[in-house]
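First residue of the sequence shown? That's 66 in my numbering, and the numbers climb one at a time after it.
Beta carbons are placed, not taken as given, at the ideal position from N, Cα and C, and that holds for glycine.
As structure tokens, the structure follows; a few thoughts come after it.
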Amino acid sequence: MSVVVFLLAVSAACCLGFGFVFQQNVAQRAPLGDFLSPRLLLDLMRVPRWLGGLGLMAAGMTLGAIALAKGEVSLVEPLLATNLLFALALSRHQTRQPLGRQGWAGLLLLAGGVSAFITAGEPRAGSAVTNPMRHWLIIGAVVGAALVLTACAKRSRLSWGPVLLALAAGLLYGVQDALTRVSGTRFAEGGLTALLSGWQPYGVLVCGVTGLILVQSAFETAPLRMSLPALTAAEPLAGILCGVGFLGDRLHTDTGALAWEAAGLAAAVGGIVLLGLHPAMPCRSAEAEAELVDRSCRHR
């Protein structure tokens, strides 16, 4: 694994983790009437703290895009999932909560899972699939799943809705990462003309804006511990699916390697859940929860 790719991916994860915490601190006070609406972004843009979080998120995505241009999606995505470690570090600083057994177990599972997947799979570049049907089939399946999750989330705003929205956003971000890789390749081969003549950069924009609306709606209606684990787990899984499915990323596929890869991904997801549910992660006070329920009732 390239040291440059590793440092870029970890730096991106740091920016993303800090950015998510700042954004959620502001989004939880946004009007519920803006739920799943572009108006939500317009309202949040008036708050400097949220803009700071958005700037960190943009920096993280930029660093992630550079890492994707230099390395395989199946390698970069698991490293980006460590953004939860940095979100927990900032939240722990704010709440003064110790890590405890749950925190250390989550850290070990996430770090060990990512290491096991990368070591066993040894992601490496291969020949990208040229058949457009393969691209559209995989992207359509992932985007379709995101649409179904969003539709279900609209029916249960204050229960499972935020989790479903975060899962949908994570799937879209995984597709965005894959399309970013394709866009970078087109730019490297043919310059700006080749980049803008393809549909991929516009797909990056649509996935990014739609995912941002979904994420902020999830942050608006639930504490970070409900939404961030789902977002963090879904993005690398979707990205790895696209990477192996049509970008030409190769993984070891012998029985032993597949077993370690599956175990690594399962451990990473388990670590993400444990860290996301840690007491240090931001949660609403009783007063804030009552205010949210009151706002919801008035909105109806």
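Practice task
Can you give me the Cβ contacts of GLN265 inside the same chain, cut-off strictly under 6 Å, excluding the 5 residues immediately before and after it?
Solution key: LEU244, VAL247 and SER248
Handout entry: Nearest candidate by alpha-carbon position, reference VAL75, set LEU101, LEU119, ALA331 and GLY125
Key = GLY125
Handout entry: Three-state class that DSSP yields for ARG367 in the structure shown
Key = Absent from the model: residue 367. The displayed extent of the chain is 66 to 365, so no value can be given.
Handout entry: DSSP-derived helix/strand/coil call for ARG161
Key = coil
Practice task
Report the three-state DSSP secondary structure of ARG315 (helix, strand or coil).
Solution key: strand
Problem - Status (buried if at least 16 other CB within 10 Å, exposed otherwise) for VAL68 - result: exposed
Practice task
Note the first and the last residue of the continuous alpha helix (DSSP H) segment covering GLY191.
Solution key: Segment: none, GLY191 is in no alpha helix (DSSP H) and carries neither H nor E.
Problem - Close Cβ partners of ALA231 (< 6 Å) along its chain, the five nearest in sequence each way excluded - result: ALA283, SER292, ALA295 and LEU296
Problem - Endpoints, the alpha helix (DSSP H) within which PRO103 is located - result: First-last for PRO103: undefined, no H or E at that position.
Handout entry: Where LEU97 falls: helix, strand or coil (DSSP)
Key = helix
Problem - Limits of the unbroken alpha helix (DSSP H) element including LYS135 - result: 113–135
Handout entry: For ARG315 and ALA190, the rounded distance between their alpha carbons
Key = 6 Å
Handout entry: Burial state of ALA200 (16 or more Cβ within 10 Å)
Key = Before going on, a small fix: residue 200 reads as His here, not Ala. The residue in question, HIS200, is buried, as its Cβ has 16 or more Cβ neighbours within 10 Å.
Exercise for the section: Tell me whether LEU155 sits in a helix, a strand or coil according to DSSP, three-state version. Expected result: helix
Exercise for the section: Using 10 angstroms around the beta-carbon of ASP99, count the other beta-carbons present and answer buried if the total reaches 16, otherwise exposed. Expected result: buried
Handout entry: CA nearest to the CA of CYS28, picked from GLN241, ILE278 and GLU285
Key = This structure cannot settle anything about residue 28, because the visible part of the chain is limited to 66 through 365.
Exercise for the section: Excluding the 5 residues preceding and the 5 following ASN225 in the sequence, name in chain order all residues of the same chain whose CB lies nearer than 6 Å to its CB. Expected result: Correcting the residue identity first, residue 225 is Trp in this sequence and not Asn. Cβ within range, chain order: n/a, list empty.
Problem - Cβ-Cβ distance between PHE87 and GLY117 below 8 Å - result: yes
Practice task
Go ahead and pull the three-state DSSP assignment for MET291.
Solution key: helix
Problem - Boundaries (first-last residue) of the alpha helix (DSSP H) holding ARG220 - result: Here ARG220 belongs to no alpha helix (DSSP H), and DSSP marks it neither H nor E.
Handout entry: Alpha carbon of GLY82 to alpha carbon of ALA234, nearest angstrom
Key = 15 Å
Problem - As assigned by DSSP and simplified to three states, the class of ALA146 - result: coil
Exercise for the section: Note down the Cα distance separating THR195 from VAL213, rounded to an integer number of angstroms. Expected result: 28 Å
Practice task
Evaluate contact between the region 330–340 and the region 165–182, counting only Cβ atoms and requiring at least three cross-stretch pairs below 8 Å.
Solution key: yes
Handout entry: Cutoff 8 Å: ILE131 Cβ touching any chain D Cβ
Key = Chain labels in this structure do not include chain D; a single protein chain is all it has.
Exercise for the section: Could you name the residues of the same chain whose beta carbon sits closer than 8 Å to that of LEU72, not counting the 5 residues immediately before and after it, in chain order? Expected result: none
Handout entry: Which of helix, strand or coil DSSP assigns to LEU261
Key = helix
Exercise for the section: Check whether the Cβ atoms of LEU312 and VAL112 sit closer than 8 Å, and answer yes or no. Expected result: no
Handout entry: Three CB pairs or more closer than 8 Å across the region 204–219 and the region 143–161
Key = no
Problem - Cβ-based burial, PRO96 [other Cβ within 10 Å; buried from 16] - result: exposed
Exercise for the section: Drop a sphere of 10 angstroms on the beta-carbon of LEU257, count the other beta-carbons inside from all chains shown, and report buried for 16 or more, exposed for fewer. Expected result: exposed
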